[in-house]
Amino acid sequence: MDGSRIHPANFREIYTKACDTFTHKLQCQVFVLLSPSPSPDMEDIATRLEELGERIVQVGFMGQVGEFGVRSDNRVRARWGSLSIKEICFEIKWELDVLKEELASGGDLLIVADLLVGILDALPF
878 MDGSRIHPAN FREIYTKACD TFTHKLQCQV FVLLSPSPSP DMEDIATRLE ELGERIVQVG
938 FMGQVGEFGV RSDNRVRARW GSLSIKEICF EIKWELDVLK EELASGGDLL IVADLLVGIL
998 DALPF
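Residue numbering for the sequence shown follows our numbering, starting at 878 and increasing by one per position.
Here is the structure:
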């Protein structure tokens, strides 16, 4: 092999589905973040922001979303590295750190929720 990427015939479908999966997972995390928690140790919104940030970074380092990415049988080689998912994840993590600082300085939860929605809207897919 010459090192070039192999794109299966249904690459666009795989990419679109993977982007949808990533966006959905991120939206679910934000929903959990903004919902009341039955666990007392999770009531602190800053702790929730920290956990959300860590999950997002994990997605970036895994280099794949859901079942998509480089599969062991090499039949599907839709690599996230070339699609800059890692950079997207680290940008989101940085924005979450800014939100944590906003909360620490007495920021309003509704403003934080608004900013989180803005982060989701800014995703490039």
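Just so it is clear, CB atoms sit at the ideal spot from N, CA and C, and this is done for glycine as well.
Nothing here was measured: the structure is a model prediction, and the numbers come from that model.
Beta-carbon to beta-carbon, LYS977 and LEU926 are separated by about 5 Å, close enough to satisfy the 8 Å threshold. In this structure, the alpha-carbon of ALA886 lies about 25 Å from that of HIS901.
Assignment of ALA981 by DSSP, reduced to helix, strand and coil, places it in the helix class. Taking C-alpha positions only, LEU993 is separated from GLU972 by approximately 9 Å. Around the beta carbon of ILE988, a 10 Å sphere encloses fewer than 16 other beta carbons of the protein chains shown; the residue is thus reported as exposed. When C-alpha distances from GLU931 are compared across ASP991, THR898 and CYS966, the shortest belongs to CYS966.
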